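Novice:
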Amino acid sequence: TGKHPLNGEPDLVELFDAGLITPNYLHYVRSHGPVPHLLWENHKLEISAGKSLTLLMDDLKDRFESINIPAVMACDGNRRKELNLIKRSKGFNWGPAAVGCAYWKGVLMRDVLLMADILQLMDEYKDVPLWVNFGGAEILSEGKYETSIPLDYCMDPCNDVILAYEMNDSPIPPDHGYPL
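Be aware that the sequence shown starts at 1, since it is given in full-length UniProt numbering, and climbs by one per residue.
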């Protein structure tokens, strides 16, 4: 955490030696800006779809069933350092270790969206592709960091899209998105 974005990957041998599940301290970090200092007690999840819904972190833990699943994450820039030897590209000069597998615990996005009456919105716009937009709390010079995924993907019971609040049975570290 700090004033400038942290981007880092572990030593590859140490990552391999750690085994299938990457310990939090070895998981690569990719940040777009300074890590915000957020508190569990007053952090809010705001949903504006169907009906507006605001949930505190304790609401997520108390009102929804949680799941704990392993998931692999890898930076798209993984091994960019090698590619830059062939042709220079933009971005952080990653080696081969910007990858990690952790257990992520949280609530299903689908359950939270159902509480926000998302089915009504989906019915109203059934012929229009809808997306779920995620906005970070970071304050960046270009505006907020945001990304999105198709709503249909979130709502499909075969997909475990979660709002995670734990990583490997501990609160998510700030460099990985604490508290959510």
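For every residue, glycine included, the Cβ atom is placed at its ideal position computed from N, Cα and C. Source: prediction; values computed, not measured.
DSSP beta-bridge partners for M73?
Specialist: Your numbering for residue 73 matches position 73 in the sequence shown. DSSP, once it has assigned bridges, lists G100 as partnering M73.
Novice: Could you pull the DSSP bridge partners for F134 from this structure?
Specialist: In the sequence shown, residue 134 corresponds to position 134, counting from 1. Looking at the DSSP assignment, F134 forms a beta bridge with T147.
Novice: Pick helix, strand or coil for V107, following the three-state DSSP scheme.
Specialist: One-based indexing of the sequence shown puts residue 107 at position 107. Residue state, collapsed to three classes: strand.
Novice: Contact check, E138 vs G33 under 8 Å by CB: the rounded distance?
Specialist: The count along the sequence shown starts at 1 and reaches residue 138 at position 138. The count along the sequence shown starts at 1 and reaches residue 33 at position 33. Rounded to whole angstroms, the Cβ separation of E138 and G33 is 4 Å, and the two are in contact under 8 Å.
Novice: Contact between the stretch 58-69 and the stretch 81-90: three or more CB pairs below 8 Å?
Specialist: no
Novice: I need the straight-line Cα distance from H176 to E142, nearest angstrom please.
Specialist: Residue 176 sits at position 176 when you count from the first residue of the sequence shown. Residue 142 sits at position 142 when you count from the first residue of the sequence shown. Computed Cα separation, rounded: 21 Å.
Novice: Can you tell me which of the three DSSP states K29 falls into?
Specialist: On the sequence shown, position 29 is the one that residue 29 refers to. According to the sequence as given, residue 29 is Val; it is not Lys. Reduced to three states, the DSSP call for V29 is strand.
Novice: Take every Cβ of the stretch 24-38, pair it with every Cβ of the stretch 116-134, and state whether three or more of those distances are shorter than 8 Å.
Specialist: no
Novice: Hey, how far is the Cα of N42 from the Cα of P171?
Specialist: Mapped onto the sequence shown, residue 42 falls at position 42. Mapped onto the sequence shown, residue 171 falls at position 171. For N42 and P171, the distance between alpha carbons rounds to 15 Å.
Novice: If distances are taken between C-alpha atoms only, which option among L6, D127 and I162 comes closest to K61?
Specialist: Numbered from 1 along the sequence shown, position 61 holds the residue referred to as residue 61. K61 has its Cα closest to that of I162, out of L6, D127 and I162.
Novice: Determine the contact status of S110 and C154, defining contact as a CB-CB distance below 8 Å.
Specialist: As a position in the sequence shown, residue 110 is number 110, starting the count at 1. As a position in the sequence shown, residue 154 is number 154, starting the count at 1. Here residue 110 is Arg; the residue named in the question, Ser, does not match the sequence. Yes; because the gap between Cβ atoms is below 8 Å, this pair is in contact.
Novice: Just to confirm, is the Cβ distance from Y28 to V99 under 8 Å?
Specialist: Taking the first residue of the sequence shown as position 1, residue 28 is located at position 28. Taking the first residue of the sequence shown as position 1, residue 99 is located at position 99. Contact: yes.
Novice: For G106, count the other beta carbons within 10 Å of its own beta carbon; 16 or more makes it buried, fewer makes it exposed. Which is it?
Specialist: Counting from one through the sequence shown, the residue named residue 106 turns up at place 106. Answer is buried; the Cβ neighbour count reaches 16.
Novice: For a test of the three-state rule: what should DSSP assign to E166, helix, strand or coil?
Specialist: Counted from its first residue, the sequence shown places residue 166 at position 166. Strand at E166.
Novice: Look at the alpha carbon of E166 and the alpha carbon of E46, and state the distance between them as a whole number of angstroms.
Specialist: As a working note, residue 166 is residue 166 in the sequence shown. As a working note, residue 46 is residue 46 in the sequence shown. Distance between the alpha carbons of E166 and E46: 19 Å.
Novice: Within its chain, find whatever has a CB closer than 8 Å to the CB of T54; leave out the 5 residues flanking it on each side and keep chain order.
Specialist: On the sequence shown, residue 54 is found 54 positions in, with the first residue counted as 1. Closer than 8 Å at the Cβ level, and outside the excluded window around T54, lie K44, L45, E46 and I47.
Novice: Closest to L180 by C-alpha separation, out of M57, T147 and I21, would be which residue?
Specialist: On the sequence shown, position 180 is the one that residue 180 refers to. Of the residues M57, T147 and I21, the one whose Cα lies closest to the Cα of L180 is M57.
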